[in-house]
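Protein chains in written order, with our numbering: chain A, 214 to 801; chain B, 792 to 1213.
We put the CB at the ideal spot given by N, CA and C, even for glycine.
Have a look at the structure below, then the notes.
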């Protein structure tokens, strides 16, 4: 065993409370930074979630005037006609808040910055990321950006939607500074994203363990590598766009203002040139997690390793060419046709990944642990999210469905059913490694099931609404849609209960969880060769890569005894490569 | 060529599917339980019908793949569940022929869907050569229709409402190709008619177009109320089986009694601020003759009443966007106390605003430009504003001045006292 008990775990406090806080605040340890990101992201997820539940509550019975002239539905204001406008304004600020937090502060950084930071060096057998100080800087930039964005809410809120479309965003709101704060917040957050991406690209190129070629890397690393490339290439575009928007608001430079020869549609092009690739910044890391969870809990090599790796890169490449499909109703027919065709191209590598995952299950040894339940949730929800993308990519049907609740449901299936559910799969998979504690599997499973039910009740209903004519971003609606809205609202409450179950499971685990084994699931990637939780320098000796990440049928995982690890007949099991230590010493 | 022949195969496959699901209509995917579940209302144009076929085809396509993939997944999870102490049997971890097959197959299917979708899209986007052009303006937070004869309908012209706002009702003739020439006067909006399955954004800096040919209202458009007049009188009509999905209050047009019609919601689909969710309208499809009759009747109605009343209506429809009647600043000069006073003009002279001066300002606005205002007003020719309307407008302008000649008690009550803007 590679246990070196004279090294403390990275979680061991350094002296008193103040010293410990200082230690965390100035740490350059990728694991601590990953954990700090995780808690920051979960806190923002809570904020965005509160906004979401408030939205759904308003939609239960919006403030409206009925045909008798009475005001009904008075959640946000007094009962008079002006409360309709007030109710609408509050609703508009809430959905902007929800969208901006969930996109810029939760989903984009969620997997790469938390699990990615924690795991990439461990999986590569490295001591840290390539630029540890830059890594800490990116965390502080994230915090500053979040404070900027959230301060706009404290000051009264922004009602532009998270997309900040011009000319609305340049003309709304007497106090223009709130829009500027929010936009600058997103601008600053972009730098955090770029720095993280840059760090990962260099880490993957330079810090792989001896013996680890490109195709020996775990697919999690491949997925995050593709993600990082998009982050580095696309994020500067949103930076420039948001800066231009700020200049437009503050100085009236006129690049988006038709009165000065500008073009408001240009903003949409700029915006989606970033924001579409960023959709894949959100989903590729989620796929990357599933690529690890399914093989480990099925004890089966991932099917089609190379096609998985290339599918990630293909998605990243095509991601840059499909931004126009957000604008089918404001572009020329020619442009729409081209973007529609390119959009269908993205579906191909995505379908390949789906087939590969399911083929991986074939002849496996499948155990429905909490991470695996979440992986199955992911496959179901992502399949729905992916397939419902078809009527949106098809021009004739998109002309009807564009900007309707169908779109809302579709991207929640992909972004939440995909990314957030995969984050939960990954969190339950690596929680023992991160904190050295097990969680109560029974309650975690209950939580997973409640989340699954709540999610589908909330969002499947919205497909029907959208097809029948319910536009998105509506504070109010015609009565026909009320029943769907109410079912959806009930679903959102169930979903909230599910997340609270998880919160309690995690708190209970940290406070009173059983000590986790080094390798509870039998994973073969290098992070499982480290202690749970890992020591400060990750590995006592530099590990050497001697087998592929998914050779479950011939390698005994680190931390497991040969007798406990069944292998197919006639196979002479090999000990995990991490057991062999190089004596070159820490070479980084 | 291969792709387009595949596209045809796809379409015929979809019609075959219909035959098997059983329909009472013309053999498309457009009726029966599933169509009703998804789309509820019947499509109101021919092209909407083909969009529905595409949508329902995609629905069954998605159902097929979802059931197939998830079925396999569940089967594998149950069949290959972990047995303690037993290893997973060895199996290949990749298979080039299989992987090529499942890359190529979706490529072909998706190419087919793309082609059919593109073809229907082009049909929906291309107006017929003889289409009647209606001008549509979007603004915060309503819509305005201007008919080819210059008659305009804008917000609040009916009592129908969504949320706090009364919504306009736009009459259009059935079975007539219509082309909307659209733009916005402020931020972006998007004109969505769910029953037509189309939407198009309205931009402030360029025209966009939308075209549709509404089906004639008839027995197949679900059950019709007896007449518009009766419907309006009942005022709380609501029937979930009917495509008319709202409650509507008058415009009361006695002469159109017994005329069948269908109503279609219009929603704004591009977020535009506070009352975005109330930016609705109703498109009312009536037979072509009834439409002609309606145009005449509403024109007449617009010209009935005292001159001040008519003038006020003309002002609201045509002038209120640039001129105020309460002294508040706007693009053009206010009409409050315009008549009967001398005003300074851009040429440095003063003119007395009398009847003749007002007439000239309407017909030839560039003749005299008030000091401090742009020379931007449209000259209102006789075809745009009838002499009767201009007289009415002048009567209204006079009523806004404290130099106005004594009015009869009738006219005094008719003209609404101008309210100061809050």
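Minimum Cβ-Cβ distance from residue i to chain B less than 8 Å
| i | result |
| --- | --- |
| residue 465/A | no |
| residue 516/A | yes |
| residue 785/A | no |
| residue 578/A | yes |
| residue 348/A | no |
| residue 345/A | no |
| residue 665/A | no |
| residue 310/A | no |
| residue 557/A | yes |
Contacting residues, own chain, Cβ-Cβ under 6 Å from residue i (five flanking each side not counted)
| i | result |
| --- | --- |
| residue 964/B | 1079, 1082 |
| residue 251/A | 327 |
| residue 301/A | 688 |
Residue i versus residue j - alpha carbon distance
| i | j | result |
| --- | --- | --- |
| residue 704/A | residue 666/A | 8 Å |
| residue 423/A | residue 417/A | 13 Å |
| residue 529/A | residue 437/A | 11 Å |
| residue 835/B | residue 1104/B | 33 Å |
| residue 549/A | residue 1182/B | 50 Å |
| residue 671/A | residue 375/A | 21 Å |
| residue 687/A | residue 1067/B | 7 Å |
| residue 891/B | residue 526/A | 17 Å |
| residue 627/A | residue 1126/B | 56 Å |
| residue 668/A | residue 707/A | 8 Å |
| residue 330/A | residue 247/A | 5 Å |
| residue 1041/B | residue 265/A | Only weak support is given to the placement of residue 1041/B: the predicted model assigns it a pLDDT of 37, under 50, and the value that follows is read from those uncertain coordinates. Whole-angstrom Cα-Cα distance: 39 Å. |
| residue 746/A | residue 980/B | 54 Å |
| residue 372/A | residue 982/B | 21 Å |
| residue 339/A | residue 760/A | 17 Å |
| residue 1180/B | residue 542/A | 39 Å |
| residue 677/A | residue 696/A | 11 Å |
| residue 415/A | residue 343/A | 6 Å |
Rounded distance between the beta-carbons of residue j and residue i, thought under 8 Å
| i | j | result |
| --- | --- | --- |
| residue 915/B | residue 989/B | 6 Å |
| residue 400/A | residue 455/A | 4 Å |
| residue 380/A | residue 995/B | 6 Å |
| residue 1185/B | residue 1143/B | The Cβ separation is near 14 Å, so there is no contact. |
| residue 802/A | residue 487/A | Outside the shown range of chain A, which is 214 to 801, sits residue 802/A, and nothing can be said about it. |
| residue 448/A | residue 384/A | Actually they are not in contact, since the Cβ atoms of residue 448/A and residue 384/A sit about 27 Å apart, beyond 8 Å. |
| residue 576/A | residue 880/B | 5 Å |
| residue 657/A | residue 718/A | 5 Å |
| residue 432/A | residue 505/A | 7 Å |
| residue 749/A | residue 378/A | Between residue 378/A and residue 749/A the Cβ distance is about 47 Å, and since that is not below 8 Å, they are no contact. |
| residue 683/A | residue 763/A | With a Cβ gap of about 45 Å, residue 683/A and residue 763/A do not count as contacting. |
Beta-carbon proximity check, residue i vs residue j, cutoff 8 Å
| i | j | result |
| --- | --- | --- |
| residue 845/B | residue 556/A | no |
| residue 894/B | residue 561/A | yes |
| residue 654/A | residue 335/A | no |
| residue 200/A | residue 650/A | Since the first and last residues shown for chain A are 214 and 801, residue 200/A lies out of range. |
| residue 347/A | residue 412/A | yes |
| residue 992/B | residue 999/B | yes |
| residue 516/A | residue 573/A | yes |
| residue 392/A | residue 462/A | yes |
| residue 358/A | residue 402/A | yes |
| residue 827/B | residue 779/A | no |
Contact set for residue i: own chain, Cβ-Cβ below 8 Å, skip 5 residues either direction
| i | result |
| --- | --- |
| residue 614/A | 604, 605, 620, 679, 680 |
| residue 632/A | 320, 323, 324, 495, 496, 498, 499 |
| residue 921/B | 968 |
| residue 237/A | 245, 249 |
| residue 1135/B | 1141, 1161, 1162 |
Beta carbon proximity, residue i to chain A, threshold 8 Å
| i | result |
| --- | --- |
| residue 915/B | yes |
| residue 912/B | yes |
| residue 960/B | no |
Same chain only: Cβ atoms within 7 Å of residue i, ignoring 5 sequence neighbours per side
| i | result |
| --- | --- |
| residue 1193/B | 1128 |
| residue 586/A | 658, 661 |
| residue 1098/B | 1182, 1183, 1186 |
(message) Can you pull out the residues from the region 680-708 of chain A whose beta carbon lies closer than 9 Å to at least one beta carbon of chain E?
(response) The structure shown has no chain E; the protein chains it does contain are A and B.
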